[in-house]
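Peer 1: Numbering (my numbering), first residue to last: 145 to 236. Dumping the structure here so I can ask a few things about it.
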Amino acid sequence: MSTKQRSKGKPQWKNRDGDPTQSDMAIPIPPSLQDTLDEILGAIEECKTTLQREIGQVSVELGLLRADYQKLADRVRCAEATFTDIAPRWCS
């Protein structure tokens, strides 16, 4: 329940604790501004969805790159082992 208190000629709505009530702190927004805000929020949501999709795609590509890197690293280790095994025969 709120009570109306006057201070310096201006009405101020306060709750029983003396704090302004939430509903009285709200500022009415004109319909044209609300439409613009709705468009902005829609664009933000679209960007968010696109970013989430792109992050997912990058994660997949990163996983593929890691797999390719691991295969390449295995081949290098195999080549090093083969060279280490053969090199003494070539140099003797």
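Backbone N, C-alpha and C fix where the C-beta goes; we use that ideal spot for every residue, glycine too.
Kindly indicate which three-state DSSP category Ile173 falls into: helix, strand or coil?
Peer 2: Coil.
Peer 1: In whole angstroms, give me the CA-to-CA distance for Val220 and Leu206.
Peer 2: Using only the alpha carbons, I get a separation of about 21 angstroms.
Peer 1: Does the Cβ of Ile171 lie closer than 7 angstroms to at least one heavy atom of the ligand SAH?
Peer 2: Among the components of this structure there are no ligands whatsoever, and the ligand SAH is therefore not found.
Peer 1: Just the Cα atoms here: how many angstroms apart are Pro174 and Asp212?
Peer 2: Between Pro174 and Asp212, the C-alpha separation is close to 57 angstroms.
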